[in-house]
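Okay, structure first, notes after.
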Amino acid sequence: MVEHPAIRTGILAREKAAPYHWFMFTWYEAARIAEERGDWNRAVSEVSAVAECYSSDHVRHNAHLWHMDLLVRAGRHDELAALSENDVHARRRLNRLPQKLSE
Numbered sequence: 077m078v079e080h081p082a083i084r085t086g087i088l089a090r091e092k093a094a095p096y097h098w099f100m101f102t103w104y105e106a107a108r109i110a111e112e113r114g115d116w117n118r119a120v121s122e123v124s125a126v127a128e129c130y131s132s133d134h135v136r137h138n139a140h141l142w143h144m145d146l147l148v149r150a151g152r153h154d155e156l157a158a159l160s161e162n163d164v165h166a167r168r169r170l171n172r173l174p175q176k177l178s179e
């Protein structure tokens, strides 16, 4: 994944030291900050609002793939399994989980 300019310019470094306001960031910046902090619910929420499977808009499609990855990292395997019934990306991501986790 390409690093967002907000990361390079130090927004994350400043935000780790001080409270932040989500309304000041784009969905991408908010999701990356949440991901850096391990706030999986916030990251999933930010990304899922933009995610769209098989979108002609590459940003939305990439957000969909990121959403699948965040669900795994958040431990939301049941949600991923439910999505996998109709979503090939969720199914592929679920199949890549270690066997003991996907049971």
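If you use the working numbering, the sequence shown closes out at 179, no skipped numbers anywhere.
C-beta: ideal position from N, C-alpha, C; glycine also.
- Contact check for Leu146 and Trp116: beta-carbon distance about 6 Å, within the 8 Å limit, so the pair qualifies.
- Here His165 has Cys129, His140, Leu141 and Met144 as same chain residues with Cβ atoms under 7 Å from its own Cβ, once five neighbours each way along the sequence are excluded.
- With at least 16 other beta carbons inside 10 angstroms of its own, Ala127 counts as buried.
- Cα atoms of Asn138 and Glu111: separation of roughly 16 Å, rounded to the nearest angstrom.
- The C-beta of Val135 has fewer than 16 other C-beta atoms within 10 Å across all chains shown, which makes the residue exposed.
- The C-alpha of Leu170 lies about 13 Å from the C-alpha of Asn162.
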